[in-house]
Amino acid sequence: MSPAKHSTRFRVWLALVLVALLLLILALQQRSTPPSESFAGLGEKAEEYAQARPGVTLHFPADHGAHPDYRIEWWYLTANLEDTEGEPLGVQWTLFRQALAPPGNDDTNDAGSPWSSRQLWMAHAALSTPDSHFVAERFARGMTLPDGKGQAGVEIAPFTAWLDHWRLESRVTDPAGDLLDRLLVSAQGNDNDHDFGYRLELTAEGPLVLHGKNGFSQKAADGQGSFYYSQPFYRVEGQVEIGGETRNVSGRAWLDREWSSQLLGPSQEGWDWFSLHLANGAKLMAFRLRGGGKGGDHYVSGSWISTDGQQTALATDDLWLTPVALSSVAGRQIPTRWRLRLPAQDLDVTVTARHPERWMDTSFPYWEGNVVVEGSHQGEGYLEMTGY
Numbered sequence: 001m002s003p004a005k006h007s008t009r010f011r012v013w014l015a016l017v018l019v020a021l022l023l024l025i026l027a028l029q030q031r032s033t034p035p036s037e038s039f040a041g042l043g044e045k046a047e048e049y050a051q052a053r054p055g056v057t058l059h060f061p062a063d064h065g066a067h068p069d070y071r072i073e074w075w076y077l078t079a080n081l082e083d084t085e086g087e088p089l090g091v092q093w094t095l096f097r098q099a100l101a102p103p104g105n106d107d108t109n110d111a112g113s114p115w116s117s118r119q120l121w122m123a124h125a126a127l128s129t130p131d132s133h134f135v136a137e138r139f140a141r142g143m144t145l146p147d148g149k150g151q152a153g154v155e156i157a158p159f160t161a162w163l164d165h166w167r168l169e170s171r172v173t174d175p176a177g178d179l180l181d182r183l184l185v186s187a188q189g190n191d192n193d194h195d196f197g198y199r200l201e202l203t204a205e206g207p208l209v210l211h212g213k214n215g216f217s218q219k220a221a222d223g224q225g226s227f228y229y230s231q232p233f234y235r236v237e238g239q240v241e242i243g244g245e246t247r248n249v250s251g252r253a254w255l256d257r258e259w260s261s262q263l264l265g266p267s268q269e270g271w272d273w274f275s276l277h278l279a280n281g282a283k284l285m286a287f288r289l290r291g292g293g294k295g296g297d298h299y300v301s302g303s304w305i306s307t308d309g310q311q312t313a314l315a316t317d318d319l320w321l322t323p324v325a326l327s328s329v330a331g332r333q334i335p336t337r338w339r340l341r342l343p344a345q346d347l348d349v350t351v352t353a354r355h356p357e358r359w360m361d362t363s364f365p366y367w368e369g370n371v372v373v374e375g376s377h378q379g380e381g382y383l384e385m386t387g388y
């Protein structure tokens, strides 16, 4: 190897080591943040970033891609699956993007180095069985590696979202089709010396759904919010791998897309978020933001999604989300059983975690797991709870 090539590779290696140290410092700082503060800093002021606001028209396929002028963004997939023996399984695949500096604050004096990018990427992969919960986490800086490819990012043509070898890829070849109509999702990880992974093919059987008012989802009484849409109609076929054993699986999946610059208000501690597949074919997305409502109450919102994909926006007066049972998880009291009521649809159900121990012990820890719906309607889905 020539001295020049050796020097270049050393500089790249050193830069990656420095990035890893920076991420470790940031993670340790976040772990020391009291849980009562706004989750993961999402309530911090962000005036210098682009702001989500009502009246903006979403455009596809462009809005399937990244929005680097906004502070935070994610591509968030959850799947309720069964293997050939009927055992229920849950899968999560998430790619997060966070801007480290507002638009126009790139370091132009350091172009070409890892530090010239202000975009930080984080990915989570999880696989749940009735007895186990496997979790892995990865980080990357939005930079170009020596082979000319980015370690993480999102491309539109063809649609691909990735961090290292964790990928969400479009399989749509029809130029008139939506890029998210057919996807392949894959990840491999290790949790306490237990290897796990999955490779799943997703086929949409319904349209994209814009939440709130044409894709603007209000998150507090003072009007702040996010751009938010979903593809909740996926049918899934594929394989999961646990400890070297491969299982064929099938089921349903839900993809969320959301971006904002200030998702929470300063007084909001976190959220409780539901995505439910009901047995009659309808879907329900519902969330409760703790704080930020009128008079200091919780802020509740959601979407009722009919079998043909028609969305009805739900407000605090339409929907009741009430925790009815707590579980001790990771030293915290977590509500793992809920009552959900939506009188307009004659819905009165209990939503119960399949297993309380679904704690995501990641840099920004939270609870995420598959749930069962019982009562006036039957079904299954996913529940995410942050800020506890």
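Sequential numbering of the sequence shown, starting at 1, is according to the UniProt record's numbering. Glycine included, each C-beta is placed from N, C-alpha and C at the ideal position.
**Q.** C-alpha gap between residue 389 and residue 228, whole angstroms
**A.** Lying before the first or after the last residue shown, residue 389 is absent from the chain, which here runs from 1 to 388.
Q | Member of 275, 133, 122, 104 whose CA lies at the smallest distance from the CA of residue 241 | A | Taking only the C-alpha atoms, the option nearest residue 241 is 133.
Q) Would you say the segment 231-247 touches the segment 353-367, given that touching needs at least three Cβ pairs under 8 Å? A) Note that the segment 231-247 does not touch the segment 353-367; fewer than 3 beta-carbon pairs, one per stretch, sit closer than 8 Å.
(Q) According to DSSP, residue 88 sits in a beta bridge with which residue or residues? (A) 82
Q) Taking C-alpha atoms, which residue in 125, 293, 339 lies nearest to residue 79? A) 125
Q: Along the beta strand (DSSP E) that carries residue 252, what are the first and last residues, could you check?
A: 245-260
Q) Is residue 272 buried or exposed, if buried means 16 or more other CB atoms sit within 10 Å of its CB? A) buried
Q. So, do the segment 56-71 and the segment 250-270 have three or more beta carbon pairs nearer to each other than 8 Å?
A. yes
Q. How about residue 339 and residue 348: do their beta carbons lie closer than 9 Å?
A. yes
Q | Neighbour-count burial assignment, residue 257, 16 or more Cβ in a 10 Å radius | A | buried
Q) In chain order, what residues of the same chain have a beta carbon less than 6 Å from the beta carbon of residue 254, not counting five sequence neighbours either side? A) 78, 232, 275
**Q.** Nearest-angstrom Cα separation, counted from residue 187 out to residue 377
**A.** 33 Å
(Q) Strictly under 9 Å for the Cβ-Cβ distance: is residue 329 near chain D by that measure? (A) Going by chain labels, chain D is absent from the structure shown, which holds only one protein chain.
Q.
With distance defined between alpha-carbon atoms, name the residue in 190, 247, 163 nearest to residue 122.
A. Of the candidates 190, 247, 163, the residue whose Cα lies closest to the Cα of residue 122 is 163.
Q) How far does the beta strand (DSSP E) with residue 226 in it reach, from first residue to last? A) 225-242
Q. Based on the DSSP secondary-structure assignment, which residues constitute the bridge partners of residue 315?
A. Partner(s): none; residue 315 has no beta bridge.
Q) Are the segment 321-333 and the segment 304-311 in contact at 8 Å, needing three or more beta carbon pairs? A) no
**Q.** Beta carbon of residue 226 nearer than 9 Å to that of residue 52
**A.** Taking 9 Å as the Cβ cut-off, residue 226 and residue 52 qualify as a contacting pair.
Q) Would you call residue 224 buried or exposed, if buried means 16 or more other Cβ atoms sit within 10 Å of its Cβ? A) buried
Q.
Taking the alpha carbon of residue 209 as the reference point, which residue from 335, 285, 54, 101 has its own alpha carbon closest?
A. It is 285 whose Cα lies nearest to the Cα of residue 209.
**Q.** Length of the line joining the Cα atoms of residue 82 and residue 178
**A.** 27 Å
Q: Ignoring anything shorter than 3 residues or poking outside the segment 263-298, list the beta strand (DSSP E) runs there in chain order.
A: Those beta strand (DSSP E) runs which fall completely within the segment 263-298 and span 3+ residues are 271-278, 283-292.
Q) How long is the line joining the alpha carbons of residue 66 and residue 155, rounded to whole angstroms? A) 8 Å
Q | Supposed close pair residue 118, residue 100 - CB separation, criterion 8 Å | A | 5 Å
Q: Could you tell me whether the segment 211-223 touches the segment 194-201, where touching means 3 or more Cβ pairs closer than 8 Å?
A: no
Q | residue 335 in three-state terms, based on DSSP | A | DSSP places residue 335 within a strand segment (E or B) once states are collapsed to three.
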